[in-house]
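Participant:
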């Protein structure tokens with residue numbers, strides 16, 4: 043251990059190599075059912091070169107590395123070590139917003155940049171970023187995008203990975219590499235002079251390298267910067283609330299809005315989740331679809347007005363009503379909650395102290411079946427169905443949707459904890475058999491998913507061997 | 401007849417005798433001339449791709465798999481193509497069999513709710529669009545036109561086109577897919593791999609989607625794609641295109657929620673500003689600098705010819721002397737076409753107003769002569785169906801695109817006049833059509849939502865004429881090694897296939913390929929691809945169109 | 303012209319494969335998107351116009367030799383011209399159909415003949431018809447009609463040409479007998495060639511037998527010149543095409559009309575009127591040789607030249623046969639004039655209509671392919687909801703009748719004159 047510490051200190055200086063037990067213990071577990079395991083060290087690099095050196099060192103010493111960008115709470119077990127000699131690569135010091143480009147609506151940031159840090163800077167430049175639902179303030183924006191967390195605005199997702207574009211990656215073999223249109227590492231200034239803006243994600247050449255790092259849970263390499271497509275900051279921004287007693291009643295309307303590419307933020311919550319999001323809520327209907335309309339630099343008021351009129355007519359055709367408030371929540375408050383970072387404690391932990399999410403991809407028409415089966419399975423395992431929060435987020439312009447069930451519980455209550463665990467495991471199995479697509483298979487889902495798609499596992503292992511031949515990047519995750 | 405008999409018989413047993421041929425004449429209808437539309441190679445006069453050993457027409461994925469297994473067993477190379485456009489769809493080595501995929505031409509499903517279609521390789525853009533329109537949907541059609549296989553564009557080549565602004569590129573639209581790998585294993589990517597539908601191409605985890613294609617695909621060098629799902633887009637128009645007019649001047653008068661304009665600008669800065677304005681306002685269904693491929697000096701006259709069934713190319717010279725045409729030529733020097741589709745009437749009215757505001761800000765204008773109904777409706781149909789893309793070859797049957805400045809509008813506009821002057825000086829030598837120097841065509845957004853433009857400079861020549869062909873080749877050499885080199889740019893798109901195929905129509909020698917890739921901005925890309933190839937194609941059934949580097 | 307003269311085209315082919323399809327703008331479905339029966343049925347690219355250009359070039363360059371498959375490629379094609387119009391949507395300097403016909407002529411010249419064609423050609427030289435009937439029975443169809451015989455020196459304002467198919471297919475002959483009666487009722491002085499009528503040679507031309515065509519044409523031109531008739535009317539689309547497009551090249555100067563054009567003109571003059579209702583939904587099949595290949599002949603003689611360095615044009619301006627001016631509207635207007643009759647269109651119509659499958663010597667040499675082609679048309683007609691398919695050519699009618707019968711379908715097949723007769 044001392045040798046390892048020395049080796050890393052040589053790269054980073056002793057102060058950036060940490061073996062203090064209390065700090066390491068913060069990384070030993072998270073809000074998932076992953077088996078706790080304390081890392082051996084934590085390092086805090088501040089640039090690509092240092093990361094490259096760390097990776098080379100890890101290859102030489104066969105030491106597992108776990109890249110971590112976000113501060114706690116963490117949820118998915120992806121940063122929990124599977125071996126005791128793992129070293130956490132904490133990217134929290136890499137917080138530079140490298141460039142904001144209003145004309146091209148691009149921002150280039152390091153992995154330590156959080157939602158809380160980025161959104162105000164973008165606002166100052168007349169831009170914003172389609173975010174996750176009430177994101178964790180200290181969540182790394184890059185990590186969130188790399189892990190394909192669902193964004194609130196489906197219309198901006200021509201590609202599933204949008205708005206993520208170009209990356210600089212240190213692969214598991216120690217090579218520094220740029221993906222997408224950027225010609226080579228270290229050339230940004232030169233590219234900007236030539237008026238390139240790191241807009242195109244594909245490639246280079248015949249491989250979409252950025253896809254190989256996405257949803258990889260840090261098992262392929264470490265991303266050192268990313269370019270991200272932004273949108274024009276709205277001058278007007280209104281949220282429409284469309285309540286319903288049954289989720290089925292909202293789907294055709296939702297599909298129509300998505301097809302017309304009207305609205306910006308579009309998401310669906312059950313009353314339980316809405317109440318948790320708002321912290322209260324009063325008397326809420328079982329299901330609410332939210333559609334935000336934004337007016338931007340060109341004819342903002344007219345845009346909001348015409349869409350409002352059209353959406354109102356469409357709602358009427360579907361027997362739905364548009365509200366400006368619901369329960370005791372005003373639409374503007376809900377909108378702000380949805381798009382602004384969550385203050386501590388993170389909103390999902392507020393009601394009971396802990397929470398487990400089950401999420402997967404499906405198509406929107408299938409969501410009612412999933413809701414029914416989750417509720418039935420929960421009930422069968424003694425979990426109160428009325429406690430289950432549901433969040434449905436259309437993605438990829440409506441081709442599919444992220445379907446998320448939140449199971450809050452009191453971590454101090456061992457019975458409740460074990461009920462949740464059992465419910466979580468059993469529900470995951472039921473959903474998998476019911477054609478839920480766990481496209482981001484964290485911890486216990488990985489085995490289930492790769493058993494079902496063995497061919498993918500075989501190929502992924504081969505691909506992994508290309509980029510991380512010694513399997514030093516977060517081993518034990520996915521099928522590696 | 402160079403395939404060993406046992407190998408031929410093995411193939412024949414798979415597809416049946418009626419779907420295999422090794423007749424020399426048949427095989428010669430599956431070679432490709434490098435003097436015409438080679439696409440980013442040559443042109444080389446009187447040079448053809450090598451003759452295949454046999455052509456097979458498989459009917460199912462299972463047949464494809466069996467063929468690939470036989471290829472592995474006997475070390476026979478393999479090249480599959482669906483619509484046989486452009487040189488990369490043809491063998492570049494001897495000892496190669498060709499798969500003609502056209503029998504696999506089903507649209508297996510159009511999921512109108514979730515907006516995607518599941519197709520086989522033989523389905524072309526026009527067919528998919530026609531079927532999608534019946535369900536109120538549309539499909540992205542690649543720039544090569546609607547005669548091309550939608551699957552091939554999505555899996556194997558580039559896949560950009562005029563509608564990318566609204567409908568994304570093929571790369572963005574590719575969902576689940578079925579792939580017979582060079583080893584003969586069948587892989588189903590994304591959600592399909594778990595047997596739960598085609599709606600997602602990504603994952604599980606990083607998934608294998610990243611190795612299937614990048615900025616472009618493996619160009620037929622990495623197995624055979626047998627099915628894929630493509631994302632579809634709203635079509636707020638009639639269930640079939642209402643075609644009117646006399647061949648070839650077909651046109652479509654669409655309802656009032658469609659608007660098609662040719663816009664023009666006082667300078668290139670204004671042109672670029674308008675692109676950014678359109679992207680910021682999020683308007684437009686199709687946007688493309690389309691008709692300039694005919695040449696800045698010729699396009700106004702050519703549009704008159706193409707929209708009047710009584711006219712032929714003979715009328716060109718007369719038209720060019722017409723003061724009205726001359727004025728129009730001058731007016732639309734810096735132009736592009738835009739089609740806007742309103743999902744509702746309020747939507748189109750707002751988009752129209754927003755466009756007017758952008759034009760007012762940039763000093764741009766709508767070109768009235770191009771917006772007359774007869775021409776506007778012709779242009780509308782042209783851009784929506786892309787059924788006239790073969791006009792690329794209208795002048796004498798040979799064209800290729802060069803430069804290919806790819807990047808934000810500010811990149812292309814930096815070089816456009818410079819490139820035009822350079823081209824004009826070459827046009828004056830006589831080998832190429834004297835079209836005006838600026839023959840640049842390209843999308844106002846080559847990815848969903850905009851953000852980049854591509855400036856492909858069309859070069860028209862006579863493939864039958866040795867001097868014309870060779871003179872064009874010299875011009876392309878100058879584009880890469882004079883124009884681009886002097887400006888610190890890499891060789892342009894005119895040399896895109898040249899790394900893989902040489903002047904004899906065959907795969908370039910390995911050393912040559914390696915040299916070129918070592919000189920690329922990031923050679924590591926090709927070293928990784930080499931490792932990927934070693935995994936996926938251990939018996940090297942593919943050719944040099946999948947770029948690999950095994951030297952340091 | 304020789305095949306060599308078309309090498310320039312072979313080298314200028316765009317390789318775009320538009321020739322596989324109907325014009326892309328006109329595609330309305332997956333089911334009926336294809337234009338070329340030959341490549342659709344035979345699959346290999348070689349069977350398309352693009353492929354035939356390549357095969358021809360390979361032969362010309364000596365890279366390949368005649369083989370049974372080469373003969374199959376060249377002859378298993380109706381020469382329907384679908385490829386030609388699809389190509390010309392974008393190309394102004396290619397003539398795919400001319401090249402295909404030239405390729406056939408070259409094969410015939412080189413003795414590369416199809417055994418199935420030999421008895422037909424023999425019948426043509428011995429019996430002057432393409433259907434292997436005895437010449438002695440050529441005029442039997444007109445028996446009982448009171449009509450002049452121009453070949454026997456009688457003069458008539460208009461001569462009606464029956465053609466081989468009508469002359470020998472008894473079940474179809476009611477159509478031309480009706481046509482004669484209708485025209486006569488309209489007060490027209492009409493004559494026939496009767497027993498002395500011989501084949502127009504058009505089908506032989508399609509099959510590559512140029513000498514035989516010339517011999518047929520010379521005979522007929524001689525007879526017509528002798529008769530001093532200024533107008534020839536025929537109900538056969540193949541014959542129409544021969545007279546309209548092929549004969550002027552070798553010296554016929556006479557007004558050529560298809561029956562649909564002529565009867566329509568008579569009705570517009572008020573000499574024929576449609577009184578009897580026919581309650582039926584029908585669809586109209588455009589015969590290739592009346593539709594896209596039925597454009598007027600415009601003589602041209604000139605040469606290729608280049609403008610703007612490399613743009614290929616023709617001096618003087620060359621007429622462009624791309625199907626724009628075929629006979630499409632007269633039959634439709636006639637059908638729409640019949641009370642109670644509802645005309646619906648098939649997806650592929652007018653210049654991009656699907657062929658009936660009979661032409662080019664295919665019916666005789668490749669019956670399976672010929673019937674498949676017709677059955678595709680029957681399916682397309684059925685998809686419109688029509689009770690009947692109506693055409694204006696005996697070759698189409700026969701092939702469609704046979705297809706309907708072979709398919710066990712109930713779709714009725716009419717020649718347009720049959721319906722017109724019922725309506726008048």
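Protein chains in written order, with the working numbering: chain P, 43 to 522; chain S, 401 to 952; chain L, 303 to 726. We put the CB at the ideal spot given by N, CA and C, even for glycine.
If we require 3 or more residues per run, which beta strand (DSSP E) segments fall completely within the region 539 to 623 of chain S?
Facilitator: 574 to 580, 586 to 589
Participant: Leaving out five residues before and five after residue 767 of chain S in sequence, what residues of the same chain have Cβ atoms less than 8 Å from its Cβ?
Facilitator: Within the same chain, residue 767 of chain S has close Cβ partners 661, 662, 663, 664, 728, 731, 732, 735.
Participant: Closest Cβ-Cβ distance between residue 346 of chain L and chain B: below 8 Å?
Facilitator: In the displayed structure, chain B is absent; the protein chains listed are P, S and L.
Participant: Return yes when the Cβ of residue 714 of chain L is within less than 8 Å of the Cβ of residue 694 of chain L, no when it is not.
Facilitator: no
Participant: Just to check my reading of the structure: residue 151 of chain P and residue 110 of chain P have Cβ atoms closer than 8 Å, yes? What is that Cβ distance to the nearest angstrom?
Facilitator: Not really, about 17 Å apart at Cβ, beyond 8 Å.
Participant: What are the uninterrupted segments assigned as alpha helix (DSSP H) that are 4 or more residues long and contained completely in the region 639 to 721 of chain S, given in chain order?
Facilitator: 668 to 681, 699 to 706, 716 to 721
Participant: Kindly indicate the opening and closing residues of the alpha helix (DSSP H) around residue 664 of chain L.
Facilitator: 664 to 667
Participant: Going along chain S in order, which residues have a C-beta closer than 9 Å to the C-beta of residue 335 of chain L?
Facilitator: 524, 526, 527, 530
Participant: Does the region 373 to 385 of chain P touch the region 475 to 489 of chain S, meaning 3 or more C-beta pairs lie closer than 8 Å?
Facilitator: Touching, no.
Participant: Establish whether the CB of residue 815 of chain S and some CB of chain P are separated by less than 8 Å.
Facilitator: no
Participant: Indicate the three-state DSSP secondary structure (helix, strand or coil) for residue 463 of chain L in the structure shown.
Facilitator: Correct three-state label for residue 463 of chain L: strand.
Participant: Kindly list the residues whose CB is nearer than 7 Å to the CB of residue 543 of chain L, restricted to its own chain and excluding five residues on each side of it in sequence; keep chain order.
Facilitator: 504, 591, 595, 596
Participant: Measure the CB-CB distance between residue 424 of chain P and residue 370 of chain P and report whether it falls below 8 Å.
Facilitator: No; because the gap between Cβ atoms is not below 8 Å, this pair is not in contact.
Participant: With a threshold of 7 Å on Cβ separation, who are the neighbours of residue 646 of chain S within its own chain once the five nearest residues in sequence on each side are excluded?
Facilitator: 709
Participant: Per DSSP, what are the beta-bridge partners of residue 436 of chain P in this structure?
Facilitator: P:443
Participant: Going by CA-CA distance only, name the one from L:439, L:342, L:598, L:359 that's closest to residue 498 of chain L.
Facilitator: The option with the nearest alpha carbon to residue 498 of chain L is L:439.
Participant: Which word fits residue 155 of chain P, buried or exposed, when buried means at least 16 other C-beta atoms lie within 10 angstroms of its C-beta?
Facilitator: buried
Participant: Is there at least one non-hydrogen atom of the ligand SAH closer than 7 Å to the beta-carbon of residue 829 of chain S?
Facilitator: No copy of the ligand SAH appears in this structure; indeed no ligand is present at all.
Participant: Skipping 5 residues on each side, what residues in its chain have a beta carbon closer than 8 Å to that of residue 331 of chain L?
Facilitator: Excluding five sequence positions before and after residue 331 of chain L, the CB atoms of its chain that fall closer than 8 Å to its own CB belong to 649, given in chain order.
Participant: Quick check on residue 331 of chain L - is its C-beta less than 8 Å from some C-beta in chain S?
Facilitator: yes
Participant: If you pair each beta-carbon of the region 925 to 936 of chain S with each one of the region 834 to 850 of chain S, do three or more pairs fall below 8 Å?
Facilitator: Pairwise C-beta distances place the region 925 to 936 of chain S out of contact with the region 834 to 850 of chain S, as fewer than three of them are shorter than 8 Å.
Participant: Does residue 411 of chain S have its Cβ less than 8 Å from a Cβ in chain P?
Facilitator: no
Participant: Check this for me: beta carbons of residue 402 of chain S and residue 520 of chain S, under 8 Å apart or not?
Facilitator: In this structure, the beta-carbon distance from residue 402 of chain S to residue 520 of chain S does not fall below 8 Å.
Participant: State whether the region 620 to 636 of chain L contacts the region 560 to 567 of chain L, with contact taken as three or more CB pairs (one from each stretch) at a distance under 8 Å.
Facilitator: Under the Cβ criterion (8 Å, minimum of three pairs), the region 620 to 636 of chain L counts as touching the region 560 to 567 of chain L.
Participant: When the cut-off is 8 Å and only beta carbons count, does residue 905 of chain S lie next to chain L?
Facilitator: no
Participant: Buried or exposed: which applies to residue 15 of chain P, given that a residue is buried once 16 or more other Cβ atoms fall within 10 Å of its Cβ?
Facilitator: Since the first residue of chain P shown is 43 and the last is 522, residue 15 of chain P is not available in this structure.
Participant: In or out: residue 679 of chain S buried (at least 16 other Cβ within 10 Å) or exposed?
Facilitator: buried
Participant: For the region 358 to 368 of chain P against the region 692 to 711 of chain S, are there 3 or more C-beta pairs whose distance is under 8 Å?
Facilitator: Counting C-beta pairs closer than 8 Å gives fewer than three between the region 358 to 368 of chain P and the region 692 to 711 of chain S, which falls short of the contact rule.
Participant: Using a C-beta cutoff of 8 Å, does residue 192 of chain P count as contacting chain S?
Facilitator: In terms of beta-carbon proximity, residue 192 of chain P stays away from the interface with chain S, with every pair separated by 8 Å or more.
Participant: With DSSP run on the structure shown, which of helix, strand or coil describes residue 791 of chain S?
Facilitator: DSSP, reduced to helix, strand and coil, places residue 791 of chain S within a helical segment of the structure shown.
Participant: Determine, using beta carbons only, whether residue 722 of chain S comes closer than 8 Å to chain L.
Facilitator: no
Participant: How many whole angstroms separate the CB atoms of residue 447 of chain P and residue 514 of chain P, which I take to be in contact at a CB cut-off of 8 Å?
Facilitator: So it is not a contact: roughly 34 Å between Cβ atoms.
Participant: Report the residues of the region 743 to 758 of chain S with a CB closer than 8 Å to any CB of chain P, ordered along the chain.
Facilitator: 743, 744, 746, 747, 749, 750, 753, 754, 757, 758
Participant: Could you tell me the alpha carbon to alpha carbon distance between residue 483 of chain L and residue 450 of chain L, rounded to whole angstroms?
Facilitator: 13 Å
Participant: Which class does residue 515 of chain S belong to by DSSP, given the choice of helix, strand or coil?
Facilitator: coil
Participant: Look up residue 336 of chain P in the DSSP assignment and give the residues it is bridged to.
Facilitator: For residue 336 of chain P, the pairing in a beta bridge is given by DSSP as P:279.
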